[in-house]
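Have a look at the structure below before the remarks.
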Amino acid sequence: MPLSPGAEPFHHIGGAVGVLVCHGFTGSPQSVRPWAESLAERGHTVSLPLLPGHGTRWQDLAVTGWQDWYAEVDRELHRLAKRCEQVFVCGLSMGGALALRLAARHGDTVRGLVLVNPANKVHDVAARALPVVRHLVPSTKGIASDIAKPGSQEYGYDRVPLHAAHSLRQLFQQVDADLPRVTQPLLLLHSPQDHVVPPVDSARILGRVASTDITERLLERSYHVATLDYDADLIFADTHRFISRLAPGVSAPHPDRVG
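For the record, in the sequence shown the residue sitting at position 79 is 115 according to the numbering used here, with numbers rising by one throughout.
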């Protein structure tokens, strides 16, 4: 099955700081590729994997679950940790939930977290019925491309498979229980106008993690996929400052371009 535009994984070998970038549910690396590329341009070693079941057709996602998605980012984290002195994890939406689980499970292996509109709960009124409904209805309407900026598009699925949505709900429950184990420095950026993940998710995450080094930033001009929206450059700049502050001795100089 061919990949959708931009869905290819992105990997860049740079300096001693590693950054793992995690995309969201029904999306692909395309939605966060500019973020990953900006980190590579700063000289970092970057990994942006394609999560199983994503980047092709929604039917492929229907036969995967949260354990598959988490296993992929867990493998990439360990690869980066073997190569780099310090590793940061960035995530958009569900990618933020995966990042939080990595932080809770792997402690000092994760130096810091950067989350953009992280998801913490399936808020649909029918969420509690998913265990039954998923056997009766294969999919519902998609959630991709919630972007304020005209001409900017996320290439995500136009349908959400309910088997996968049920698994996503299970992931959120697991991550929510793990939040008190998250102690790493945290930069959380979220959009007040988000039509996919409400601001209450960010508030709950901020209220439950055990991190003491927390920076919160509002993305006033962007919707959910802020990494492709008006505030993208702000996200990239804040991420760079965050990493540079926490890893000043290993941050690489800004090269002219990525090779």
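Beta carbons are placed, not taken as given, at the ideal position from N, Cα and C, and that holds for glycine.
Is it right to say HIS80 is buried, meaning 16 or more other beta carbons lie within 10 angstroms of its own, or is it exposed? buried
Label MET130 either buried or exposed according to how many other C-beta atoms from any shown protein chain fall within 10 Å of its C-beta, with 16 as the threshold for buried. buried
Just to confirm, are GLN87 and CYS58 a CB contact at a threshold of 9 angstroms? For the record, residue 87 in the displayed sequence is Leu; it is not Gln. Yes, Cβ-Cβ distance for LEU87 and CYS58 is below 9 angstroms.
Among TYR193, ARG217, VAL99, nearest to ALA135 - alpha-carbon criterion: ARG217
Quick check on THR248: does DSSP put it in helix, strand or coil? coil
For the beta strand (DSSP E) containing PRO197, list its first residue and its last residue. 195-197
Could you give the first and the last residue of the continuous beta strand (DSSP E) run that contains LEU75? Element bounds for LEU75: not the beta strand (DSSP E) but the alpha helix (DSSP H), 69-77.
Option in ILE241, TYR106, VAL233 with minimal Cα separation from LEU32: The structure shown has nothing for residue 32, since the chain only spans 37 to 295.
Can you tell me the Cα-Cα spacing of VAL150 and MET37, whole angstroms? 32 angstroms
Residues near PHE124 in its chain [Cβ-Cβ closer than 6 angstroms; skip 5 each side]: VAL55, ARG147, GLY148, ILE279
Local conformation of GLY143 per DSSP, three classes: helix
Smallest Cα separation from VAL245: which of TRP102, GLU121, ARG137, VAL82? ARG137
If you draw a straight line from the alpha carbon of GLY51 to that of LEU116, how long is it in whole angstroms? 11 angstroms
Using 10 angstroms around the beta-carbon of HIS226, count the other beta-carbons present and answer buried if the total reaches 16, otherwise exposed. buried
Could you check whether ARG253 and ASP265 sit closer than 9 angstroms to each other, using their CB atoms as the reference points? no
Using the Cβ count rule (16 or more neighbours within 10 Å means buried), how would you classify PRO284? exposed
ALA72 beta carbon less than 9 angstroms from that of SER65: Reading off the sequence, residue 65 comes out as Pro, not Ser. The answer is yes: Cβ separation under 9 angstroms.
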